[in-house]
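According to the numbering used here, the sequence shown is numbered sequentially starting from 30.
Everything on this sheet refers to the single structure shown next.
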Amino acid sequence: MFTCSPRNLAYIVFLLFTLSAYAEEDEFPGRRQYPAVDFIELQEFYQQLAAGEIVAVDVRTDYEYNTLHIKGAFNVSYTSHNFAEEMQALQKQHPGKKLALYCNGKTCLKSYKAASKCRKYGIENVIVYDAGVFDYAKAYPQDTNLFGEILGDPARLIGKDKLKAHTITVAEFEDKIVKTDGIVLDVRDKQQREGIAIFFMREKRAPLDRPDLIDRYINQAKKRNVPLLIYDQAGKQIRWLQYYLEKQNVSSYYFMAGGIDEYYKTL
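Dropping the structure here:
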């Protein structure tokens, strides 16, 4: 019969605890990289938000926020030039309440960077909900907005498989430019572009904050029955554009994997 001494039992408990801590650090890298920042778990975040004890703050871009966000959350983009001022104003509007910052998911560090920025400017009572908007949307779809409406069904979220199905390598992207009459779209913002065009004479510029331009090229692609060939800076923004393309029933579209950053690596 197997027996375990108190010393061995204590060692096993310690080992299991250590392994669990390492697994959590891998799943939530921000907790390891920003140990001074307090975080809150999904269920507790939901309960405190519902009770009005905390204020949810989405620190992503307004385009990401307008696509999918937690119901009732405020949008203060981490990259905004007025980030500190907007956070200070938000804190004054909600005295005594913690500001809970969030971004996309567990490996997204924008919320932690934003919290650190708050500390730099003396903005206290800030925590991070680091499971992100996707985990929240799956758990609480009735309290999540998709294009300004209640998500309702988490099946409406676009999975990684569907994104992967529309993402192609740089070589495949270039091949489609040559072999199709597709419309090439550069969706980077003005700061990211810096006047550089990589598909000269073929690409159109349609930054994500210009939905009028995106709609124009969607309509052109549909009329001409050609695919949209889209790239961004690093392959991070396309996931949000995909929601809009699906909403507009665009069937033929492809994203360049890794964006222009990956393109330069192939040169």
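Glycine residues also receive a C-beta, built at the ideal position from the N, C-alpha and C atoms.
With respect to Asp244, Arg217 sits apart: the two C-beta atoms are not nearer than 9 Å. Beta-bridge partners assigned by DSSP to Val84: Leu128. One thing to note: Asp215 has its Cβ no nearer than 9 Å to the Cβ of Ile156.
Counting C-beta atoms within 10 angstroms of its own C-beta, Leu175 has 16 or more neighbours from the protein chains shown and is therefore classed as buried. The DSSP-derived three-state label of Lys233 is strand.
In the structure shown, the three-state DSSP call for Asn95 is helix. Residue pairing for Ile259: DSSP places it in a beta bridge opposite Leu214 and Phe284. Residue environment analysis places Arg148 among the exposed positions, since fewer than 16 neighbouring C-beta atoms fall within 10 angstroms of its C-beta.
Secondary structure at Glu70: coil, using DSSP grouped into helix, strand and coil.
In the three-state scheme derived from DSSP, where H, G and I count as helix and E and B as strand, Leu270 is classed as helix. In the DSSP assignment, Ile243 forms no beta bridge with any residue. Residue pairing of Phe103 in beta bridges, as defined by DSSP: Val86.
Distance from the Cα of Phe229 is smallest, within the candidate group Pro236, Ile212, Arg89 and Glu93, for Ile212.
When the alpha-carbon of Tyr293 is set against those of Leu78, Thr198 and Tyr107, the nearest one is in Thr198. Taken atom to atom, the span from the alpha-carbon of Lys139 to that of Cys132 is near 6 Å. Ranked by Cα distance from Leu180, the options Gly188, Pro170 and Lys189 are led by Pro170.
Around the C-beta of Ile259, 16 or more other C-beta atoms lie within 10 Å, and the residue is accordingly described as buried. For Lys205 against Pro256, the beta-carbon gap comes to about 7 Å, under 8 Å, which counts as contact. In the displayed model, Val279 falls within coil according to three-state DSSP, outside both helix and strand. Asp159 sits buried, since 16 or more C-beta atoms from the chains shown fall within 10 Å of its C-beta.
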